[in-house]
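Novice: Residue numbers (the working numbering): 114 to 376.
C-beta: ideal position from N, C-alpha, C; glycine also.
This is the structure I want to talk about, given as structure tokens.
So this is what it looks like as structure tokens:
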């Protein structure tokens, strides 16, 4: 396990060094250095997990990520993912992933889920699954909200053109910020929808605080499809994003963030 994780970290660091990516993190003190930890990360870009793990390593934690199950379809990748104890999530049958995550938490591991079950085309926090809140309620491990911003400029979703999304942008000199929020306990009797709504509010607040940083704002007159519409960018607004976002029916609809009719 250690060799696979170490190799993956080395490859990721080499790639980020080659792209001259500056990664910054704050709030890492909210991630305990030992014992169970349950992270819930907003999802804005394909390499988000790399930056969450880079920040977690500052606390000497190796995170077990909940990932799309089809990643395991490639034999060599499957071997590595299993060795690193990551968790395959089949949205059509999520119970197995839930049980595996619970078992890892019982063993004192750090587990990270992406409760939006996909990348948000609007770069706002979209509908979320209740599984993270359920894990927190059952295990007593509080949820640590996590936000990554800047990774969407490297590789992410975007408004389709001729049926295709944007290609990765490998220009050098990007800045990626990771933020860990205050841990959120979920009481034994708390309603899971209400707990998920609290998480959505927390993630939205952290995400927008980072999005508004000067280093991440578009230049005057710049076309910015990588920046949310309600903050002045040109990504799909929440209403347009409904046509692109592949959201499970069981997800909790947003009571957080900008309204659907806000451009």
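Is the beta carbon of residue 259 less than 7 Å from the beta carbon of residue 365?
Specialist: no
Novice: Here's the rule I'm using: 16 or more other beta-carbon atoms within 10 Å means buried, otherwise exposed. How should residue 290 be labelled?
Specialist: buried
Novice: What residues are listed by DSSP as bridge partners for residue 152?
Specialist: 225 and 257
Novice: Can you tell me the Cα-Cα spacing of residue 136 and residue 285, whole angstroms?
Specialist: Rounded to whole angstroms, the separation of the alpha carbons of residue 285 and residue 136 is 13 Å.
Novice: Counting C-beta neighbours from all protein chains within 10 Å, is the total for residue 295 16 or more, i.e. buried, or is it exposed?
Specialist: exposed
Novice: According to DSSP, is residue 376 part of a helix, a strand, or is it coil?
Specialist: Residue placement at residue 376 is flagged as unreliable, the pLDDT there being 46, under the threshold of 50; the coordinate-derived value follows with that caveat. Residue 376: coil per DSSP, three-state reduction.
Novice: Measure the alpha-carbon distance for residue 211 versus residue 186 and round it to whole angstroms.
Specialist: 20 Å
Novice: Does DSSP put residue 333 in a helix, in a strand, or in coil?
Specialist: Residue 333 falls in the coil class under three-state DSSP.
Novice: From this set, 173, 174, 191 and 362, which residue's C-alpha is nearest residue 180's C-alpha?
Specialist: 191
Novice: Taking buried to mean at least 16 other C-beta atoms within 10 Å of its own C-beta, is residue 379 buried or exposed?
Specialist: With the chain covering 114 to 376 only, the question about residue 379 has no answer from this structure.
Novice: For residue 218, does the count of other Cβ atoms within 10 angstroms reach 16, so buried, or fall short, so exposed?
Specialist: buried
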